[in-house]
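Written out below as structure tokens is the structure these notes cover.
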DNA sequence: TAAGTGCGTCGTT
DNA sequence: AACGACGCACTTA
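Numbering (the working numbering), first residue to last: 4 to 175.
Right, here's the structure in full:
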């Protein structure tokens with residue numbers, strides 16, 4: 004069904020000022036990022052196999068990029084991203100999201116127009132919610148109409164915090 | 001103004 | 001066929 008099925012995945016922690024994120028890698032690149040688990044559910048996911056050289060490099064890049072975005076800055080160099088879990092539509096949305104610079108925001112409707120499907124507004128919301136690499140793929144910069152907050156799969160507190168770091172204001 | 005309702009719309013499951 | 005991280009028009013308070 005999905006091509007990443009059956010391939011070896013590596014899960015490695017990224018310690019940040021905001022807590023311990025978990026990065027997931029396939030042989031093609033960074034395939035997922037998880038927010039810190041709420042109550043230190045210590046899911047250390049220690050990898051038994053040796054970590055391949057390329058993945059270590061990707062992890063270093065991802066860690067630095069994450070730190071930068073959490074600080075409200077541009078991510079800088081990103082490791083290759085493995086977005087193969089998504090549909091064509093979702094990848095299209097995720098690509099559009101990566102063009103939104105820190106401190107900038109777009110509306111769900113605006114993103115829909117940007118990708119050439121002005122009426123697929125609600126579907127864009129769905130694609131944002133399915134974003135496997137939040138923060139680095141900045142779905143938090145997508146607001147609802149009237150600059151309202153909209154939703155966030157990682158919890159609205161994260162969305163507020165990330166936007167605050169970037170100096171973005173929004174309506175309540 | 002603010003909050004609630006209804007409906008259009010469309011990708012995903 | 002049902003369900004959304006939506007948008008818009010419209011109604012109430």
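Here a beta-carbon is modelled for each residue, glycine too, at the ideal position from N, C-alpha and C. Just so you know, these numbers come straight off a predicted model, no measurement behind them.
Rounding to the nearest angstrom, what Cα-Cα distance links residue i and residue j in this structure?
i	j	result
residue 113	residue 35	26 Å
residue 30	residue 88	13 Å
residue 166	residue 147	14 Å
residue 102	residue 93	15 Å
residue 153	residue 120	20 Å
residue 1	residue 59	Past the edges of the chain, shown from 4 to 175, lies residue 1, and the structure says nothing about it.
residue 168	residue 90	31 Å
residue 79	residue 125	30 Å
residue 11	residue 130	25 Å
residue 68	residue 127	25 Å
residue 41	residue 24	11 Å
residue 110	residue 38	23 Å
residue 116	residue 108	14 Å
Which residue comes first and which comes last in the beta strand (DSSP E) that contains residue i?
i	result
residue 36	32-37
Which residue marks the beginning of the alpha helix (DSSP H) containing residue i, and which one marks its end?
i	result
residue 151	Note, residue 151: premise wrong, no alpha helix (DSSP H); not H, not E.
residue 163	159-168
Is the distance from the Cβ of residue i to the Cβ of residue j below 8 Å?
i	j	result
residue 20	residue 81	no
residue 170	residue 106	yes
residue 61	residue 22	no
residue 145	residue 84	no
Kindly identify the DSSP beta-bridge partner or partners of residue i.
i	result
residue 26	15, 36
What are the complete alpha helix (DSSP H) segments, minimum 4 residues, inside the segment 51-131?
Those alpha helix (DSSP H) runs which fall completely within the segment 51-131 and span 4+ residues are 56-73, 91-100, 111-117.
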